[in-house]
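Q:
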Amino acid sequence: MLSCIFILDENLEPLISKNIRAIPNFKSIVELFRKHRSTNTTELPIVSINDWNFIQIKRDSLIFLGAININDYMSDLMSMSIYLDKFYYLLKMHLKTDTLNRNIILDNILLIMELIDESIDFGIIQMTDPNIIKDYVRVKVNLPDEDISLSINKNQSSLDRDNERQTSNNYSISTDSAHYSNDLFNEHYKYSKYLSNEDDESEDSEKETEERKKKKKENLQHKKYIKKQQKLAKSMLQTITNPDVSKILELRKHVNILNKEDMKLVDAENDENYINSYIAKTTIMPISWRTKGIYYAKNEFFLDVLEKQEYIMDFKNDLIRKNLIQGKIICRCFLSGMPKLKIALNKLLQKDQQFLSQLRFHQCVSLETIQNKEIEFIPPDGEFILCEYELKRHVKDPPNIKLISFEIKPKLKKFKIQINLSITTFFKVQNSTSILNLKIPLEKLFNDYKIDLKKSPRFKSNIGQVKFNLSDDFLLWEIGSMKGGHGENIKAMTAEFFLFNEEEYLQLQEELKTSMNPPPLRVGPKLEELYEQLHEPKTLKEEGEQDINTGISNHKLDTNDNGSIPSTGTTNAGANIATPASTSVVKNDTSSNKEIPLKKALSNKPQYLTVDFEIPYYACSGLKVEYLKIEEEQLLYQSFPWVRYKTTNDKDYVFVV
Amino acid sequence: MPPLDKKIKKFLKDSVRIAPKISSKGELTELRTGLVSPYPQTRKDAIKKTIQQMTVGKDVSSLFPDVLKNIATNDVEQKKLVYLYVMNYAETHPELCILAVNTFVTDSEDPNPLIRCMAVRTMSMIRVDKILDYLETPLRRTLQDDNPYVRKTAVICVAKVFQLDKQLCLNLGVLTDLVSALEDPNPVVVANTIASLTEIYAMDSTVINLNDLIQSHVSKFLLALNECTEWARITILTVLSKYSAKDSIEAQDIIDRVTAHLQHVNPAVVLATVKVIIINLDLTKPQINDPVMKKLSSAMISIMSTPPEIQFIALKNIRIILEKYPELLTKETRIFFVKFNDPLYVKLEKIEILVRLVDASNIKQCTILLNELKEYTREFEPEFVSKAIQALSQLAIKYSKESFCNKVLDILLELLERQDTFKDDCCIAISNLLRHCPTSTQMVTQACGLLNTWVEPELILNRDEAKCNYVWLLGQYPDKFSSLEERILGFVENFRQEDPLTQTAVLATIVRLHTRLPGTILQTILELATKETIVIDIRDMAMMYWRCLSIPGGDELVQQLCNTAPPAIDNILDTFPPEILKKLIQELATISSITFRPQATNAKKYVRPETVVKGKKLDELKNIAKNEIVKNDEVLLDFGDDATEENNKNTTTLDDLDDLFNFGTVLPKESNSGTNLESDFNKLGINGGRQDTNTTSTSTTTQDLMDLF
């Protein structure tokens, strides 16, 4: 059983150290680990050092570290590591953030200590359900933003900082904004940044945005641009005014049925801090996930069927390596009392064997009832995952978005190279995607050919727009909405790059030497310079490791950013291939020996064309909720069940080209 | 955001607040005044600030008495804070703890079960004898509490006390209470009780008979299983896996009762269930198409869709299970295909599973895997690629058709032409393949053709194993290599730097080929091997060869010795011996499932060092002892001779302590307390004595060790 828990930051500095089993001199344990890590780079989740076994779980930028004494050899590592994982989610729920970082942890040490105390006792895990624990831990969350003016300033400065980073590291030029100045470009970015942050901010942000909008308007010169901004701002306001779930959550009230013995103790003054002993009953009842006495004015139950498609296709060899559906049923429950729910799924009724064997249920589901073709459960309060399933699809089943052709066509005579690709859809005609982005890798292209970026590349597509990300070497084809079909709805895209024409170049140089005219002025950004800046060769090791990962994280961000440039602070990403010019320099260097195998390996490295999409109101497995009954025997209220479907891509939705 | 009315209320409350606020500077004097302020709000603020200071590592122990005054409150949050403070400083200020004891005891009688819980929970965590002495009544009372919530906490406290002071725990006799708690009507209490008992059993297996308890309470556990939290379920399932069913009917019953848990969302529950089922399956002897097997396989797949760290543990466990039921997951190979964003450690484990998983009679599957592995060899990370290369040869040998081996060989050769970073792994893989199909001349020509192009192989290859294999190939197929002599000479020149495996191979090969090589090489190598190497085996081997060569007709003898064909290898996957496997299955999900080294449960009964309790680390003890002496010196002057003698004794003890401390031995926990002078002296005296014995015992053990060598 866990003896100590530590939370370390990325420099292995312990932020939280908690001694669970009264181990003498327990801080030396973490030192042991740090010493080990300083000499060992491998990040195995389980390491044994001297008398201690460590479980390390890396989340965000933090390491959750559990230490188990070597004599506790019978303790269950699996549950320990799952505890650490769940504890991470517990923290996220309590601190109400999406990503944890060093500062949030340091600001909330007390809260975290209490959370550890409540969730684990002497290494024996007690509970990890955030909905239940929130009744026990009443320490207030200490979040950085308090004052409006302060937060504006703060935001401003942080945005500025972001922009700086942005301009120095991350360039991407979209077809229609290629001519805008950098400034405008940043403004655009600010807004989109806001959009993505909007969740974290309170209502105050509304005021802020008003102010900001005014200010912005003065600065903006470009008409077209203003329109775009307004649209963005409007959509943002909409999202803010929409009732969001967390507020509903906050508004709910507990009916406090007080024990007699506690009555005399109730102190009106500190009712916010007073913890009713009644909550203790929940944990020891058979239904440990739901407290009694929950009350909502409006009883609603939201059920989302969310399916993720996993699809890996080796496009070159026409080989499908993976075709799976990862499904989840996510529920949000705002129901009073102790309601009993019954859900029937069409797959259960049909007794789909494959589906049945792959189902995994939340602890609230009484597993015996599954045989009766119904899922019966008393739901926990708030959000939870009712079940997860995984379905294999036949190899022949087409994916929702399919790449039909991909071709790199060099036209060496014209010193041009073309990338042609087309895609089609396979889902119901009535539906259409809400998000659809394709990321076309260019790394290999840049590696294999000498691309002349002095001549700006050209893009053409029947739908959506194409953007060129210089730092990470990919084209982003943003389509947005695309209708469903059965392979008849085909959209294509062409991108054209210019190859380096040595003859012409030399000729031009020659001309310049002799002519008296100044060299012609160039409009637009100088892509080739930016490219070189971004692609200065870095330490080789770093690239190898981080290359793939960053590719993906970038990717995810793209979609959130609402069409702006991928904003990860990718100082390490990209930079994989040196431009032709810089490699020639490198070759003279001493490090050239290392450079060559890397380049060689790169040319062999598979290129992943990834697709991001989201199709609302559609479940690709054909899963359907036949009915959803809500019964509460005592209160007999009217209730509103809502059912939604959505299909998205998994992170493994890849065409290897 | 709290609702608006509450917000307004709070605003009003804050604006009309008279209670002075505590500044965030946190100076001790300010905190002290805050802690004794007449306004409860200020006091609470001050406590919070104090604890904040404490957590950043500042020493606020001087506020101990003032903080302690705030322990008597109805505000649970404040109480928690004070408890936190007390827990942190109790060890360094054992004298002051006595002040807190009373509150703890009263709190354990509080009408609010939460407070009762907290009191007993905190009390049993403090490593100070003073506190533990008073624990008896609260612990007994809470063990019999009406509220199951309190009981479930109290049963864990027994294990805590046992860890801190075994003797005390035995004297109190709470263990019998604990055992009887197994009959508790509440399932969560039962689960915590068994967890607590398991802990105690792990610390000292003599005090309770855990196995008997499990045997007699199985029905109870099975009943409780469906009625408690996921964590409690894990505890119960773990215990069930230790139960040995009487017959196949009972085993089947257990399996039926737990099977539903295979669909639980928590992977730990799933794995614990898998363990119970597998252990009981031995008795029921199921057919391969038994529905349970199907459920097991889908459960195993379900624990694969988890975060990578958990996947890693799952993969390790799956590998053990596969060893027992190799055909369990054969249809599910695709699940284990490497995703390009898996972390390295998961990728490596997945390859291990894949080659074991694949059904050697299914050509289609083998080919798919072959292509998959081929893809992997194009990847970036060197460890991953070399694992893939190794897996390729393992797969070929598992499938064992010559044409298939040929395909693998082609892939390897292609890889070698493309890249030159993996020569080591390829060389090993190739010679494994050749050893598997020793008759295929085509393969030999192909492989040796490529290996022949390497100039100075002794420098190209890095690993001992790779070099050894290369040299072996030279000896096995000498006709396929050009300029054989040069190649071998290269190895001979480097002989001194090579590792034993290569040295052996070089020696054997030269002796084997001595008719083809100039005599000087043979002479050199024999001399090198007999004089320069430190490995006895090689020296002996060289001696033997030398003698054989020097006796009349020795050549023939040597030929006979060397030319025996090595047996063809048909499996290069490592497997566990059945004994180990059996143990590993019983220890699924524990640390041994990761290291693949079962803990010898019977052989090594580790008894923990007499634990903690009076809880002083040696350096603390030293400090306190020093302080005491300084204090005592003044007093002693009045006492006269007798006392000084004692004092001398004390200093020698101190020296002993110093010695021990500098020596860096494991810290034995010794007793000390800070108030009574007389008893202190006695205790220290005893300490000294005890520690002396300790030192001697350690020195004798080192002596023993030396003797062994």
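If you read the protein sequences in the order shown, they are chains A and B.
Read left to right, the first sequence gives residues 0 to 656 (numbering that gives the first Met the number 0).
Read left to right, the second sequence gives residues 0 to 708 (numbering that gives the first Met the number 0).
Heads up, the beta-carbon is just placed ideally off N, CA and C, and yes, glycines get one too.
1) Can you tell me whether Ser-549(B) is helix, strand or coil according to DSSP?
2) Output, in sequence order along the chain, the residues in the segment 5-27 of chain A whose CB is closer than 8 Å to any CB in chain B.
3) Please list, in chain order, the chain B residues whose beta carbon lies closer than 9 Å to that of Leu-437(A).
4) Please state whether the Cβ-Cβ distance between Phe-426(A) and Ile-311(A) is less than 8 Å.
5) Is it true that the segment 405-418 of chain B meets the segment 428-437 of chain B, where meeting means three or more beta-carbon pairs spaced less than 8 Å apart?
6) How close, in whole Å, do the beta carbons of Leu-334(A) and Ile-629(A) come, if the pair is a contact with beta carbons under 8 Å?
7) How would you list, in chain order, the residues of chain A whose beta-carbon sits under 9 Å from the beta-carbon of Ile-309(B)?
8) Do the CB positions of Tyr-388(A) and Gln-352(A) come within less than 8 Å of each other?
9) Which of the three DSSP states, helix, strand or coil, is assigned to Thr-423(A)?
10) Under the three-state reduction of DSSP, which class applies to Ala-66(A): helix, strand or coil?
11) If you run the structure through DSSP and keep just helix, strand and coil, what is Arg-689(B)?
12) So, is the C-beta of Thr-700(B) closer than 8 Å to a C-beta in chain A?
13) Take Gly-122(A) as the anchor and find which of Ser-78(A), Asn-399(A), Lys-91(A), Glu-12(A) has the nearest alpha-carbon.
14) Within the chosen definition, does the segment 83-103 of chain A reach the segment 35-47 of chain B through at least 3 CB pairs nearer than 8 Å?
15) Below 8 Å on the Cβ atoms is my guess for Ala-359(B) versus Lys-397(B); work out the distance and round it to an integer in Å.
16) For Asp-740(B), which residues of its own chain have a beta-carbon under 6 Å away from its beta-carbon, when the five flanking residues on both sides are left out?
17) Quick check on Gly-336(A): buried or exposed, where buried means 16 or more other Cβ atoms within 10 Å of its Cβ?
18) To the nearest angstrom, how far is the alpha carbon of Glu-555(B) from that of Arg-546(B)?
19) Please report the Cβ distance between Lys-339(A) and Ile-369(A), rounded to the nearest whole angstrom; I am assuming they are in contact, meaning their Cβ atoms lie under 8 Å.
20) Interface residues of chain A around Ala-588(B) at Cβ under 7 Å?
21) Per DSSP, what kind of secondary structure is Lys-482(A) in: helix, strand or coil?
22) So, Ala-588(B) versus Ala-298(B), is the Cβ gap smaller than 8 Å?
23) Closest to Gln-429(A) by CA distance: which of Gln-506(A), Lys-372(A), Gly-484(A) is it?
24) So for Glu-113(A), helix, strand or coil by DSSP?
25) Can you tell me the Cα-Cα spacing of Cys-436(B) and Arg-457(A), whole angstroms?
26) Does the beta-carbon of Ala-567(B) have 16 or more other beta-carbons within 10 angstroms, so that it is buried, or is it exposed?
27) Here's the rule I'm using: 16 or more other beta-carbon atoms within 10 Å means buried, otherwise exposed. How should Thr-563(B) be labelled?
28) Could you tell me whether the Cβ of Cys-365(B) comes closer than 8 Å to any Cβ of chain A?
29) Can you list the residues of chain B that Leu-358(A) reaches, using a CB-CB cut of under 8 Å?
30) Between Phe-5(A) and Arg-126(B), what straight-line distance do the alpha-carbon atoms span, to the nearest angstrom?
31) If you compare alpha carbons, which of Val-35(B), Cys-96(B), Gln-445(B), Ile-571(B) is closest to Ala-390(B)?
32) Would you grab the beta carbon distance between Leu-90(A) and Ile-111(A) for me? Rounded to a whole angstrom, and I think it's under 8 Å.
33) Would you tell me roughly how many angstroms separate the C-alpha atoms of Val-470(B) and Ser-481(B), rounded to the nearest one?
34) Could you tell me the boundaries of the alpha helix (DSSP H) in which Leu-105(A) lies?
35) Tell me whether Asn-101(B) sits in a helix, a strand or coil according to DSSP, three-state version.
36) Contact check, Leu-469(A) vs Leu-529(A) under 8 Å by CB: the rounded distance?
A: For this structure:
1) Three-state result, Ser-549(B): helix.
2) Arg-20, Ala-21, Pro-23, Asn-24
3) Going along chain B, no residue has its Cβ under 9 Å from Leu-437(A), so there is no contact; the nearest lies around 17 Å.
4) no
5) yes
6) 7 Å
7) Pro-44, Ile-56, Met-77, Ser-80, Ile-81, Asp-84
8) Their beta carbons are not under 8 Å apart, which means Tyr-388(A) does not touch Gln-352(A) by this criterion.
9) strand
10) strand
11) Any reading at Arg-689(B) must be qualified, since the residue scores a pLDDT of 41, below 50, and its modelled position is unreliable; the value itself is stated next. In the structure shown, Arg-689(B) sits in a helix (DSSP, three-state: H, G or I).
12) A caution first: Thr-700(B) carries a pLDDT of 42, below 50, which makes its placement in the model too unreliable to give a value.
13) Ser-78(A)
14) The answer is no - the segment 35-47 of chain B does not touch the segment 83-103 of chain A, with fewer than three Cβ pairs under 8 Å.
15) The pair is a contact, with the Cβ atoms about 5 Å apart (cut-off 8 Å).
16) Residue numbering for chain B in the displayed model covers 0 to 708; residue 740(B) lies beyond these limits and cannot be assessed.
17) Classification for Gly-336(A): buried.
18) 13 Å
19) The Cβ separation is near 16 Å, so there is no contact.
20) Asp-75, Leu-76, Met-77
21) Lys-482(A) falls in the strand class under three-state DSSP.
22) no
23) Gly-484(A)
24) helix
25) 56 Å
26) exposed
27) exposed
28) Not one chain A Cβ lies under 8 Å of Cys-365(B).
29) Gln-262
30) Across the structure, Phe-5(A) and Arg-126(B) are spaced so that their CA atoms are roughly 20 Å apart.
31) When each option's Cα is compared against that of Ala-390(B), the closest is Ile-571(B).
32) 7 Å
33) Here the alpha carbons of Ser-481(B) and Val-470(B) stand approximately 14 Å from one another.
34) 101-106
35) Of the three classes helix, strand and coil, the one that applies to Asn-101(B) here is helix, per DSSP.
36) 6 Å
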